[in-house]
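Enquirer: The structure's right below; bear with me while I get my questions together.
Residue numbers (my numbering): 86 to 710.
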């Protein structure tokens, strides 16, 4: 073979060698891919053998209530709710001060409190109001509002008569007897200084903020607050969450924009965090500032981390000292362990409450905590931003480690569609199991322009607890079954209480820039019930923090007396136990805040009983309402 023939052969072989190289490379990549797929299959098979890891797969069906019914699930009872605001004479309208600049506080408020301010046995209503901005001229007549419950006659506006008709850019409300005089007082959080109103014999309120020393910084934006006994000295201390560092100038500088809308209400991600306030009750009407007990700093920047919107006290580790769980918006949640009255230690990460299952912070809004399953398990529920599931952290009995079981519980998929604010556990059908409610509403009025799946006004959601033998413990109740509860709202605060004295629990929902929805519970299931009223006027100290346990028909229910729940709101102090078809109570026990316990003799069901502080032998007196 001559040189020319060798060269021609080489030229012919070169592309073949290149092809062989390419084929070899493809083969190697194919082999790697096949190995990778095999590993994935092995992981899936392994995960499938572990129930805890397989649970998220159940999210795929995203079944609504009708689809669940087809699988053989029990169906929620037919219980309607009727909006009684007009008929009951509640004319309050929330003023958010909005005038076009899209300032963040305008879309965030506000709360409501259900409490008996005059001790006549009927639950009254306090609505927190905003106002117009100073640079726009404070010409409106928007004030805080108190409505007295007159029984069958409805409600009467007594704001002016009781002295609560003050103007401030209010956000949240907490009610409690901070001075142990037997009358429930009011604390209002606000953009600017906060207010403490002392209840004078159920007749009127006096502003004692300055004397108590709890105003806070007049440039701060306070949101949620809670009274609880942090040092077990028989008086109530005060925790106040702050949201973000905010001013009109900061807001305009952030200049959050949405394509197709322009300037819009933005998330708090671009605002600096804050520290909360903590005040120790001195027992003489004043408080000492110990905010250093609850400070949390960002480890990366050294700056304040908190962006609090909800707080609930609960004894997480069962040591007799009340701890705190704080829901933060777009940063990790906090869990403050009480160091036996000498400060707090933040353990949210250690307890599993800081982030969602993916390790992300959520747009946390409202929160509730409850022994929800009648089995000793504890749940912390937190409402989140649109396209985020409601968090449903569960710690099994005896454990302090929480895992998010929103999908397993049946709340996750449907809650993802909504932007949730106020939420709470309550037994709406009185069957002895705690159901779950959340009110929804977007922050941006024109959100539908850029996100067709979202609307500014959104229907509230009710989840019926089906029980442990069901596919999901909670079943969403269809909008066609709940009456006026399905009305789309700009939901913010939400609270429950027996407003009409019939034994079941009614709902109040506040709306940003609109009237509240006052929903009468129209259940007619014939279920039995018991309402337990630990009256502070009988004690000489507040009963907040007491644990009440009831046994009936082989089922044990437990409630902690804590009216601070939901979003910027307060529930009634009376505890309601549904008994289902059981006409008798096997036992009722109360663990008082001072550590004493007493078994209470119950004269019958379908009534409200008032329980007095126990004597030295642990015997508590009982009287009908």
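Yeah, the Cβ is synthetic: ideal placement off N, Cα and C, and Gly gets one too.
(1) Would you report the Cα separation of residue 446 and residue 303, rounded to the nearest angstrom?
(2) Helix, strand or coil for residue 430 per DSSP?
(3) In or out: residue 344 buried (at least 16 other Cβ within 10 Å) or exposed?
(4) So residue 329 and residue 294 are in contact, right, with Cβ under 8 Å, and what is the actual spacing, rounded?
(5) Output yes or no for whether 8 Å exceeds the beta carbon distance between residue 28 and residue 655.
(6) Please name the residue in 651, 282, 324 whose C-alpha comes closest to that of residue 61.
(7) Could you tell me which of 390, 417, 428 sits nearest to residue 408, measuring between CA atoms?
(8) Measure how close the beta-carbons of residue 679 and residue 610 come, nearest whole angstrom, since I'm counting them as under 8 Å.
(9) Is the region 587-606 touching the region 633-645, taking contact as three or more C-beta pairs under 8 Å?
(10) Confirm, please, whether the CB-CB distance from residue 591 to residue 604 is below 8 Å.
(11) Give the straight-line distance between the Cα atoms of residue 247 and residue 222, rounded to the nearest whole angstrom.
(12) What does the alpha-carbon distance come out to for the pair residue 424 and residue 430?
(13) Measuring straight from C-alpha to C-alpha, what distance separates residue 234 and residue 405?
(14) Residue 238 bridges to which residues according to DSSP?
(15) Distance check for residue 469 and residue 398, CA to CA, integer angstroms please.
(16) Just to confirm, does residue 432 get its C-beta within under 7 Å of one of the non-hydrogen atoms of the ligand FAD?
(17) Would you report the Cα separation of residue 544 and residue 589, rounded to the nearest angstrom?
(18) Keeping to the same chain, check which residues put their C-beta closer than 7 Å to that of residue 118; ignore five residues upstream and five downstream.
(19) Do the region 331-348 and the region 530-545 make contact, defined as three or more Cβ pairs closer than 8 Å?
(20) Can you list, in chain order, the residues of its chain whose CB lies under 8 Å from that of residue 541, leaving out five sequence neighbours each side?
(21) Chain D beta carbons: is any one of them nearer than 8 Å to that of residue 222?
(22) Could you round the C-beta distance between residue 307 and residue 256 to whole angstroms and report it? I think they count as a contact, below 8 Å.
(23) Closer than 7 Å by C-beta to residue 142: which residues in its own chain qualify, once you throw out the five before and the five after it? Chain order, please.
(24) With 16 as the cutoff for other CB atoms within 10 Å, does residue 181 come out buried or exposed?
(25) At which residue ranges does the region 316-379 contain complete beta strand (DSSP E) runs of 3 or more residues, listed in the order of the chain?
(26) Which runs of the beta strand (DSSP E) at least 3 residues long sit entirely within the region 526-564? Give them in chain order.
(27) Taking 8 Å as the limit between beta carbons, can you name the residues of its chain near residue 378, skipping five residues before and five after?
(28) Kindly list the residues whose CB is nearer than 6 Å to the CB of residue 615, restricted to its own chain and excluding five residues on each side of it in sequence; keep chain order.
(29) Between which residues of its own chain and residue 197 is the CB-CB distance below 6 Å, once the five residues before and five after are set aside?
(30) Quick one: Cα of residue 244 to Cα of residue 325, how far?
(31) Find out if the Cβ-Cβ distance for the pair residue 675, residue 618 is shorter than 8 Å.
(32) Rounding to the nearest angstrom, what Cα-Cα distance links residue 349 and residue 573 in this structure?
(33) Which class does residue 646 belong to by DSSP, given the choice of helix, strand or coil?
(34) Should residue 165 and residue 567 be called a contact, given that it needs their Cβ atoms to be closer than 8 Å?
(35) Buried or exposed for residue 216, please, with buried defined as at least 16 other CB atoms from any protein chain shown within 10 angstroms of its CB.
Expert: In this structure, then:
(1) One-based indexing of the chain shown puts residue 446 at position 361. One-based indexing of the chain shown puts residue 303 at position 218. Roughly 29 Å between the two C-alpha positions.
(2) What you label residue 430 is simply residue 345 of the chain shown in a count that begins at 1. If DSSP states are grouped into helix, strand and coil, residue 430 belongs with the strands.
(3) Walking along the chain shown from the start, residue 344 turns up at place 259. Classification for residue 344: exposed.
(4) Here residue 329 is taken as the residue at index 244 of the chain shown, counted from 1. Here residue 294 is taken as the residue at index 209 of the chain shown, counted from 1. Contact flag wrong, Cβ pair sits at about 23 Å.
(5) Here the chain has residues from 86 to 710 only, and residue 28 is not among them.
(6) This structure cannot settle anything about residue 61, because the visible part of the chain is limited to 86 through 710.
(7) Numbered from its first residue, the chain shown carries residue 408 at position 323. Considering only alpha carbons, the answer is 428.
(8) Residue numbering aside, residue 679 sits at position 594 when the chain shown is read from its first letter. Residue numbering aside, residue 610 sits at position 525 when the chain shown is read from its first letter. In fact, because the Cβ distance is near 38 Å, the residues do not count as touching under 8 Å.
(9) no
(10) Mapped onto the chain shown, residue 604 falls at position 519. Mapped onto the chain shown, residue 591 falls at position 506. For residue 604 and residue 591, yes; Cβs fall inside 8 Å.
(11) In the chain shown, counting from the first residue as 1, residue 247 sits at position 162. In the chain shown, counting from the first residue as 1, residue 222 sits at position 137. The straight-line gap from Cα to Cα measures roughly 26 Å.
(12) The sequence position of residue 424 within the chain shown is 339, counting from 1. The sequence position of residue 430 within the chain shown is 345, counting from 1. Each residue's Cα considered, the two are about 7 Å apart.
(13) In the chain shown, the residue the question calls residue 234 occupies position 149. In the chain shown, the residue the question calls residue 405 occupies position 320. Those two C-alpha atoms are separated by around 36 Å.
(14) By one-based count along the chain shown, residue 238 stands at place 153. In the DSSP output, where bridge partners are listed per residue, residue 238 has none listed.
(15) Position 313 of the chain shown, counted from the start, is the residue given in the question as residue 398. Position 384 of the chain shown, counted from the start, is the residue given in the question as residue 469. Roughly 20 Å between the two C-alpha positions.
(16) Among the components of this structure there are no ligands whatsoever, and the ligand FAD is therefore not found.
(17) One-based indexing of the chain shown puts residue 544 at position 459. One-based indexing of the chain shown puts residue 589 at position 504. Those two C-alpha atoms are separated by around 22 Å.
(18) Position 33 of the chain shown, counted from the first residue, corresponds to residue 118. For residue 118, the predicted model reports a pLDDT of 40, less than 50, meaning its position is unreliable; a value from the coordinates is still stated below. Cβ within range, chain order: n/a, list empty.
(19) yes
(20) Counted from its first residue, the chain shown places residue 541 at position 456. Answer for residue 541: 526, 527, 529, 530, 531, 532, 533, 575, listed in chain order.
(21) No chain D appears in this structure, which consists of one protein chain only.
(22) Taking the first residue of the chain shown as position 1, residue 307 is located at position 222. Taking the first residue of the chain shown as position 1, residue 256 is located at position 171. Contact flag correct, Cβ pair sits at about 7 Å.
(23) As a position in the chain shown, residue 142 is number 57, starting the count at 1. For residue 142, the predicted model reports a pLDDT of 29, less than 50, meaning its position is unreliable and no value from the coordinates is stated.
(24) If you number the chain shown from 1, residue 181 lands on position 96. So residue 181 counts as buried.
(25) 322-327, 362-366, 372-374
(26) 546-550, 559-561
(27) Position 293 of the chain shown holds residue 378. Hits under 8 Å: 363, 428, 429.
(28) Indexing the chain shown from 1 puts residue 615 at position 530. Result list for residue 615: 662, 690, in chain order.
(29) For the purposes of this step, residue 197 is taken as the residue at position 112 of the chain shown. Result list for residue 197: 212, 578, 580, 593, 595, 654, in chain order.
(30) As a first step, residue 244 is located in the chain shown; it is residue number 159 there, counting from the start. As a first step, residue 325 is located in the chain shown; it is residue number 240 there, counting from the start. Each residue's Cα considered, the two are about 24 Å apart.
(31) Stepping through the chain shown from its first residue, residue 675 is reached at position 590. Stepping through the chain shown from its first residue, residue 618 is reached at position 533. Cβ atoms of residue 675 and residue 618: not closer than 8 Å.
(32) As a first step, residue 349 must be located in the chain shown, where it is residue number 264. As a first step, residue 573 must be located in the chain shown, where it is residue number 488. The alpha-carbon atoms of residue 349 and residue 573 are separated by roughly 21 Å.
(33) Working through the chain shown from its first residue, we reach residue 646 at position 561. The answer is coil: DSSP assigns residue 646 none of H, G, I, E or B.
(34) For the purposes of this step, residue 165 is taken as the residue at position 80 of the chain shown. For the purposes of this step, residue 567 is taken as the residue at position 482 of the chain shown. For residue 165 and residue 567, yes; Cβs fall inside 8 Å.
(35) Residue numbering aside, residue 216 sits at position 131 when the chain shown is read from its first letter. Result: buried.
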